[in-house]
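Chains as they are written, first to last, in my numbering: chain A, 27 to 254; chain B, 63 to 454; chain C, 24 to 356. For glycine and all other residues, C-beta sits at the position ideal for the given N, C-alpha and C. Worksheet: the structure to be examined is printed underneath.
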Amino acid sequence: MIRTENVTKYFNRGNPDEVIAINDVSIEIKKGDFTVLKGPSGSGKTTLLSLIGCMSRPTSGKVIVENRDVSRLPERFMTEVRRNTFGFIFQQFHLIKGITVSDNVMLPLYPTGIKPSKLRKRAEEILINLGMGSRKDFPVQKLSGGEQQRTAIARALINNPDIILADEPTAHLDTHLSEEFLSIMRNLQQEGKTIVVATHDPLVYEKDCVNLIVEMRDGMVKDIIKKN
Amino acid sequence: MALEKHRNILDYTLQALLRRKFKNIGIILVFTFVIFMLSSILFLSYSLRQEAHLILQDSPEIVVQKMRAGRHELIPINLEKDIRKIPGVSSTEPRYWGYYYDSGAKANYTILGIGTAILKNNRLLNGRMPLPHEKNVAAIGRGIADVRIIKKDIGSTLYLQAADGRWMNFNIIGIFESDSEIITSDLIIISEDDFKILNNMPEGMATDLIVHVSNETEIPTVAKKVKEQFPDSRPILRDEIIRTYDAVFGWRSGLIITLFTGALIAFIILAWDKATGLSAEEKQEIGILKAIGWETSDVLEMKFWEGLVISLTSFISGLILAYVHIFFLGASLFAPALKGWSVIYPDFKLTPFIDFYQIATLTAITIVPYIASTIIPSWKASITDPDTVMRG
Amino acid sequence: MILHPGVISLIIGSGIVLLLVMFASALGIKITRGWDIKSSSEEQLSFERKTYLISTLVQYALSFEILSIFLFIYTAEDIHTLLVGAMCATGSLNANSFGFPTLYVKVVAFFVSAAWIAINHLDNKAQDYPLIKIKYRLLIAVLAILIIEFILQLQYFLRINPNVITSCCGVMFSEKGKGLVSSLTAAPILPAEILFYSLLGIMIANGIAVHKTQKKSFTYLFSIFSFIFFIASVIAIISFISLYFYQLPTHHCPFDILQKEYYYAGYPLYAALFTGSFFGMMIGIIEPFKKIASMTPIILQAQRRWALYAIIGLIVFALIASAPMILLPFKLY
């Protein structure tokens, strides 16, 4: 499903402030895996997540997503792959303030040219599934933290992605909401989706449903633990 | 499918603009003002020109004036006989006209004495015209009626001071309510006999002669022959007058627009600055859009719609304001610069005249520079890395 | 020199567009020099991002070129009253030797910048930027044409002398005059019409063939025919189509149909002709790109689609051109 081969990523290459964010990382994630990229901040897990998610290109090495080498694709094709394959959940939710819940959920698919009425129907279905049906016309800034989290999940699901990527999803949630988030992820995993979470929250990586833990430190893979 | 995509992005852009109304209101106001000024200039000069064309359409093909020492002088009526003999001339007529300075109203009126000729467009006349030899009656323009006559209506009396100092009184028998007020607003029509008394004109003389030529192409030939037979005369062709009007109006509006480019440049700098200075919130929004699946060209398209919405809003409001300013408020802001160059007109209203060409010209001098000044800033915003939102 | 609002807007507009395209070409040269698709350096990434800026700049330039052709004709129309003997746009354009060349170069600039955008569009469909070098070389050609256009236009307006007697459409497009254009208008109308419609028939047949098979011989032929048809259509407009629109047997002006008096029929007429001929010509121009492996399916698809656009454009053009012949009572023979 996802494979990285000796992936290295520099920032500000050739400048005095050159940083090596990822150094020679090779991992493989199979379909249906619940993977955790574990490590302290600065360990490179977010950068790895953005490389896997076709948000940036590696300085060297290969990223292979669904048997397609995406490491050298021009941006417009990267975006296409990203839009068709991935759903993203960010640490700070990154919802757009001032517009409603369902508008936020529809946003990723605006440039694909799906009819707004069709798109809205799909967004509402997903929101109902997540128990957010009554909130669909609320402006997002009026939502509670848990509701914002669920809106962000709904937005990640609008394109019916095979792979869900989440970056520190529980950092701003209390234990109860974190558990709720994890149960939603588990349900998605059972539906056959692949899940990759970057986190250092033990609540997440100690869960039973997690079957692959990639431990990272200083841009390198320190350990890979497979569970069943 | 492709169309829906553009509609979706436009929808989102409109939403985003409404969310940030206050950020864009400044630029819209300034842009509206620039467009208002430029289109006012253009509307005013075009309508004046168009009015001139309207008047000149019915004017005689050739006007013959007598010159002495380079100045226009009264012309003997008996020249008519000789001019009529020139092949191609269908008829001739003497004209009696001049200006009357009204010290009370500080305005110049055009005064016309009519012999046989009656203005064709007398449907504009409320009342009737003086007959050729009728004494002490006048038809006047609405502008004069408003300035001079207390009752402002037919039946009042108009007093004019004759050349010998005596006051002559005229009974108002008609008032012009013209669509195109520039012709009739300052006009006083009296009979030929009264005109001669008022201005102490010698018998057998006229202000000038008009010559009708039936075949358009023969006009220059006839004019040449008049000049040959009467070397002290000056034949004026209608086309020449039109050309002069056009040149003057075109030149004046061109000059003002050129002066205005300074303001335009200032505006472009403002637009550039505004487009470059993205707020943190906007930057983050673009980052989010890119992260969740928007491509650079989608963001560019959003920025294009944004520019188009801002410029069209300003363009339309500027145009409407200019229209009201020129055609309802009488171009109060800068009429003095454009219309008066020899005659001080009383108030007048212009006939609205707008066409595609004026709109296209305005687009080229306002929207094109604005859009051009926003391309590079928009592009800079659109290439935001999609993973910026993750790097926090 | 005439200080006229239309003149000022044309000069300002062309100046801005010239600056934009100059900037785009400079970026283009920089990109072609350092381009390395295999590299993952920051520089290469920034080059790829700059391609977006260049295509945006050229797209805006093209939109202005379209506006500018009409603005130029309108301005010529508007200033004819300043020129002795000029009775319409044709007269103004004849006021000096730069008028018509400016118009021709504007039309060429339109076609070349549209071609650039079409090629850019195809290049963006492939994953490895196969046309990047050709594309930016062509951009230099666009720039050269825009520079020529700017200079000719400036010269035309600078040298307009409101006192020079100019010939107008009554003279230039009347049968008495000498020269190429006059001999065109004097051509017997019936044979000209037969020629025009047979050419149209061949074009449509050829277009269908391209749409079905995209064979090399068909595509090249279609390109050549499209070019000939474009020229032939302009001649046809002067020689007989205009006569039916004006309902006058002697009025041959190609610009008056843009006026309100003729219900702006000229706009859809020229729009259909330009679109049809443009797509027709592009079909053969992109033929050589078929050899590039990553382009083959893209070119085949483009040729199939563009052949359809070309046929539709030409049919719409022919319908508008023929409408007054069929619907109005005016007959030439």
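- About 6 angstroms separates the beta carbons of C:G307 and C:F245, which is inside the 8 angstroms limit, making them a contact pair.
- Listed by position along chain B, the residues whose Cβ is nearer than 8 angstroms to that of C:Y152 form an empty set, because the closest Cβ is around 15 angstroms away.
- Boundaries of the beta strand (DSSP E) around B:P297: 295–299.
- The C-beta of B:D308 comes closer than 8 angstroms to at least one C-beta of chain C.
- Within 9 angstroms of the CB of C:S64, the CB atoms of chain A belong to R39, G40, T85, in sequence order along the chain.
- The alpha-carbon separation between B:D73 and B:E347 amounts to approximately 16 angstroms.
- The DSSP assignment places complete alpha helix (DSSP H) segments of no fewer than 4 residues inside the segment 201–252 of chain A at 201–216, 228–231, in order along the chain.
- Of the residues A:K233, A:H226, A:I251, A:K248, the one whose Cα lies closest to the Cα of A:P66 is A:H226.
- With the criterion set as a beta carbon lying under 7 angstroms from some beta carbon of chain C, the members of the segment 356–373 of chain B are T358, S359, L362, in sequence order.
- Along the segment 66–81 of chain A, none of the residues has a CB nearer than 9 angstroms to a CB of chain C.
- Relative to B:G132, the option among B:L381, B:T320, B:G312, B:S295 whose CA is nearest is B:S295.
- A:D43 is outside the set of residues whose beta carbon lies under 8 angstroms from a beta carbon in chain B.
- With a cutoff of 8 angstroms on beta-carbon distance, A:E31 and A:G70 are scored as not near each other.
- Residues of the segment 96–116 of chain A with a C-beta less than 9 angstroms from any C-beta of chain C: S97, R98, L99, P100, E101, R102, F103, listed in chain order.
- By the Cβ-count criterion, A:R181 is buried, with 16 or more other Cβ atoms from all chains shown falling within 10 Å of its own Cβ.
- The residues K35, A47, I48, in chain order, have a CB closer than 7 angstroms to that of A:T73 in the same chain once the five nearest residues on each side in sequence are set aside.
- Chain B has no Cβ within less than 8 angstroms of the Cβ of A:T30.
- It is roughly 15 angstroms from the alpha-carbon of B:R130 to the alpha-carbon of B:M267.
- The DSSP-derived three-state label of B:H195 is coil.
- Each residue's CA atom was taken as its position, placing C:S64 and C:I54 some 13 angstroms apart.
- C:A149: not part of any beta strand (DSSP E); DSSP gives it neither H nor E.
- Counting C-beta atoms within 10 angstroms of its own C-beta, B:R146 has fewer than 16 neighbours from the protein chains shown and is therefore classed as exposed.
- The beta carbon of B:F98 lies closer than 6 angstroms to those of G380, L383, A384 in the same chain, with the five residues before and after it left out.
- Ranked by Cα distance from B:R300, the options B:N86, B:G312, B:V284, B:E357 are led by B:V284.
- In the three-state DSSP reduction, A:R29 falls in the strand class (E or B).
- For B:R305, no chain A residue has a Cβ inside 7 angstroms of its Cβ, as the nearest lies near 55 angstroms away.
- Counting only runs of at least 4 residues, the segment 47–100 of chain A fully encloses the following alpha helix (DSSP H) elements, listed from N- to C-terminal order: 71–78.
- Close to B:L317, with beta-carbon spacing below 9 angstroms, are these residues of chain C in chain order: L26.
- For B:V125, the closest Cβ of chain C is not nearer than 8 angstroms.
- Between C:L154 and C:Q270, the C-beta gap is not smaller than 8 angstroms, which leaves the two residues out of contact.
- For C:F278, not one C-beta of chain B is nearer than 8 angstroms to its own C-beta.
- Ranked by how close their Cα comes to the Cα of C:F302, the residues C:L166, C:G114, C:I140 have C:I140 in first place.
- Per the DSSP secondary-structure output, B:M267 pairs in a beta bridge with B:P138.
- Counting other Cβ atoms within 10 Å of its Cβ, A:S160 stays below 16 and is therefore classed as exposed.
- Cβ-Cβ distances below 8 angstroms link C:F46 to L80 in the same chain, with the five nearest sequence neighbours on each side left out; the list follows chain order.
- Taking 4 residues as the shortest admissible run, the segment 243–320 of chain C contains the following complete alpha helix (DSSP H) segments, listed from N- to C-terminal end: 265–269, 289–308.
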